[in-house]
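Trainee:
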Ligand SMILES: Cc1cc2nc3c(=O)[nH]c(=O)nc-3n(C[C@H](O)[C@H](O)[C@H](O)COP(=O)(O)OP(=O)(O)OC[C@H]3O[C@@H](n4cnc5c(N)ncnc54)[C@H](O)[C@@H]3O)c2cc1C
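In our numbering, the protein residues as written are 570 to 848.
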């Protein structure tokens with residue numbers, strides 16, 4: 570038997586997970602969890618409901634987090650973002666979609682999440698049982714506080730993102746990117762090198778381990794174009810890359826390229842925009 574965890578009763582990614590569960594060839598039943606999100610408590614409720622069954626969830630942030638807690642509670646291996654299962658062998662999508670991993674699961678029970686959009690969603694005839702976690706079991710959410718963006722557009726919602734990498738040179742160097750962003754009503758993003766150096770907070774990081782953005786325009790300044798960075802900005806409709814190195818990988822992903830020193834080019838773009846806007 571397989572138990573499928575639904576994030577909510579009509580959730581698209583959960584219905585994709587149901588397709589994966591049905592491909593395992595067993596009888597399938599579905600559960601969802603009621604109440605505020607508390608991953609450890611949700612995992613406990615799922616572990617108790619599952620008995621000895623395999624457990625499959627959606628490859629969403631919550632699906633992967635809850636299944637990771639299930640895995641820790643059962644002390645069993647967990648395979649995330651699975652695109653195919655062949656007995657105890659499986660294929661996983663990794664590194665922001667740039668790597669397919671062939672793996673073998675060394676356990677009697679399967680704990681899996683389905684890679685988003687690797688499976689067609691299955692229709693909604695299957696009843697979804699609602700579980701209620703025990704009070705006091707794990708973390709409880711008491712309030713939601715929106716991040717303070719200081720009145721500026723957030724990275725995830727911005728139509729334009731002006732992003733800086735190591736080439737910016739320092740925290741102060743981001744001043745010229747801030748200036749350009751203000752003119753374009755854009756958010757400022759950055760690479761991991763920048764957050765690791767402490768030039769910008771982690772909330773500004775774009776990439777595999779940062780925010781995934783999908784603006785109309787992504788302006789990458791002094792960013793080399795590592796796969797982990799591209800994983801966060803490949804949803805952009807257009808990418809303008811400014812880089813001093815004409816061989817930089819970022820140019821392979823760019824719709825528009827400017828080869829040169831960003832410390833000259835970014836202020837020049839800002840000055841031209843000011844002329845056009847008459848400000
Ligand atoms: C598990 C893992 C997860 C990761 N997650 C992320 C992630 O989420 N996001 C992320 O960004 N990275 C991530 N990384 C790191 C990633 O591999 C790269 O190291 C990082 O993206 C490089 O940052 P960068 O492009 O700013 O720096 P670099 O690779 O050093 O590139 C700097 C670029 O600036 C250019 N440059 C220098 N001076 C100038 C100038 N004056 N004018 C114009 N151009 C100039 C250079 O030509 C170069 O191309 C991850 C790595 C791992 C292993």
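Note that CB positions come from ideal geometry on N, CA and C, so glycine has one too.
Which first and last residues belong to the beta strand (DSSP E) in which residue 735 is found?
Mentor: As a first step, residue 735 must be located in the chain shown, where it is residue number 166. No beta strand (DSSP E) holds residue 735; DSSP gives it neither H nor E.
Trainee: Quick one: using the 10 Å Cβ neighbour count with 16 as the cut-off for buried, is residue 773 buried or exposed?
Mentor: The count along the chain shown starts at 1 and reaches residue 773 at position 204. It is buried - the Cβ of residue 773 has at least 16 other Cβ atoms within 10 Å.
Trainee: Count the other CB atoms, across all protein chains shown, that sit within 10 Å of the CB of residue 703; report buried if there are 16 or more and exposed otherwise.
Mentor: As a first step, residue 703 is located in the chain shown; it is residue number 134 there, counting from the start. Burial call: exposed.
Trainee: Output the distance between the C-alpha atoms of residue 797 and residue 657, rounded to the nearest integer angstrom.
Mentor: For this step, residue 797 is matched to residue 228 along the chain shown. For this step, residue 657 is matched to residue 88 along the chain shown. Residue 797 and residue 657: Cα-Cα distance of roughly 29 Å.
Trainee: Hey, would you say the C-beta of residue 805 is under 7 Å away from at least one heavy atom of ligand 1?
Mentor: What you label residue 805 is simply residue 236 of the chain shown in a count that begins at 1. For ligand 1, not one heavy atom lies less than 7 Å from the Cβ of residue 805.
Trainee: Ligand 1 and residue 723: does any heavy atom of the ligand fall closer than 7 Å to the residue's C-beta?
Mentor: Along the chain shown, one-based indexing puts residue 723 at 154. Answer for residue 723: no, Cβ out of range of ligand 1.
Trainee: Using a Cβ distance threshold of 8 Å, determine whether the stretch 728-739 contacts the stretch 792-807, with at least three qualifying pairs required.
Mentor: Touching, yes, given that three or more Cβ pairs across the two stretches are closer than 8 Å.
Trainee: Indicate whether the contact test is met: 3 or more Cβ pairs, each with one atom in the stretch 674-682 and one in the stretch 614-626, closer than 8 Å.
Mentor: Touching, per the Cβ criterion.
Trainee: Please classify residue 668 as buried or exposed, where buried requires at least 16 other C-beta atoms within 10 Å of its C-beta.
Mentor: Position 99 of the chain shown holds residue 668. Its Cβ having fewer than 16 others within 10 Å, residue 668 is exposed.
Trainee: Let's see if you can read the secondary structure: which residues bound the beta strand (DSSP E) around residue 640?
Mentor: The count along the chain shown starts at 1 and reaches residue 640 at position 71. Premise fails: residue 640 lies in the alpha helix (DSSP H), 630-643, not in any beta strand (DSSP E).
Trainee: In its own chain, which residues sit with a C-beta less than 6 Å from the C-beta of residue 769, not counting the 5 before and 5 after it?
Mentor: Here residue 769 is taken as the residue at index 200 of the chain shown, counted from 1. Excluding positions up to five away in sequence, the list reads 759, 763.
Trainee: Looking at C-alpha atoms only, which residue of 630, 804, 674 is the closest neighbour of residue 647?
Mentor: Taking the chain shown and counting its residues from 1, one reaches residue 647 at position 78. Selected option, being the one with the closest Cα: 674.
Trainee: Tell me, which residues are paired with residue 651 by DSSP?
Mentor: Within the chain shown, numbered from 1, the residue matching residue 651 stands at position 82. According to DSSP, which records beta bridges pairwise, residue 651 is partnered with 661, 683.
Trainee: Per DSSP, what kind of secondary structure is residue 698 in: helix, strand or coil?
Mentor: Walking along the chain shown from the start, residue 698 turns up at place 129. Strand.
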